[in-house]
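So the sequence shown is numbered by the numbering used here: it starts at 176 and just counts up by one.
Here a beta-carbon is modelled for each residue, glycine too, at the ideal position from N, C-alpha and C.
First up is the structure itself, then whatever we jot down about it.
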Amino acid sequence: MEGLGNDFIVFEGSVEVHAELVRKLCDRHFGIGADGVLRVGQEGDFIRMDYWNADGGMAEMCGNGLRCVALYAYDNALVENKSFVVKTAVGDRRVEIGDLISVELGPVTMGEPRDWNGMTFHAVSVGNPHLVTLGKDPRKIDVASIGKALELATPGGTNVGFGSVVGSGINLRVWERGVGETLACGSGMVAAAALAHRLQLTGPAMAIKVPGGHAIVEIEDTTTWLTGPARLVFRGELP
């Protein structure tokens, strides 16, 4: 499945997932190829989501993955209603199925900024850690070298977002912890939007353009919402 080009291998049920398996499956040359692995399960009346990055590390949240989980659960009759709750590592998150899929990413918290290579990065948590800079055109930034350096320099690793405010929206590229640069990062889009709104650079609702397309982020008083597409690419079986 994919959301804005951020692609995932999805398992259902109690399939045992471990780091070595994730690394093998996500390898784009010797495996299936993906940015990460999602496991979808049921806990009573709720859906459960677990997520692993391509390097095998378990992650707290994945916004694009949450949209894929929502679509998978509805299309495979794990739920009947188009609005339901998904349990994640960082708490319960509401989702709504329509022509696009809206998912709740929860509250955002801000930490202290830090300077790196002449840019100011703000620490932003969307349940998972981000460093976000807003200003320079991300097309002119060496995302790979700076993103990797900041990921390695941060205890536990971090996602790194490079954005510029254009009109009432944001152009964004994201280096994802344990993956590298991806075509889209859902939590990264929310982190950048929340920072731009906090700095009074945008209103509470905005379009975020990433290499894989665009999504809408809405900042509310106590939570945030991400709206965008999700799609089943193919089904298969492991030998």
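- H305 sits close to N334, with the two beta carbons spaced by under 8 Å.
- The three-state reading of DSSP puts G411 in coil, since its state is none of H, G, I, E or B.
- When rounded, the separation of the alpha-carbon atoms in T284 and D220 is 29 Å.
- A209 is positioned such that its CB atom lies closer than 8 Å to that of F183.
- Less than 8 Å separates the beta-carbon of N181 from that of C360.
- Here T295 is exposed. Its C-beta has fewer than 16 other C-beta atoms within 10 Å.
- Q217 and V190 have their C-alpha atoms some 13 Å from each other.
- Beta-bridge partners assigned by DSSP to L213: V185, Y226.
- Between Y247 and V197, the beta carbon gap of about 18 Å keeps them out of contact (Cβ cut-off 8 Å).
- Under the 8 Å Cβ criterion, the stretch 261-280 does not count as touching the stretch 371-384, having fewer than three qualifying pairs.
- Taking a cut-off of 8 Å for Cβ pairs, the stretch 350-366 and the stretch 335-342 touch, as three or more such pairs fall below it.
- In this structure, I394 and P404 do not form a Cβ contact; the two beta carbons are roughly 21 Å apart against a cut-off of 8 Å.
- For secondary structure counted as the alpha helix (DSSP H) over 4 or more consecutive residues, the stretch 304-387 holds these complete runs in sequence order: 318-328, 361-373.
- Relative to E279, the option among L309, E177, A366 whose CA is nearest is A366.
- Per DSSP, the continuous alpha helix (DSSP H) segment holding G240 begins and ends at 238-250.
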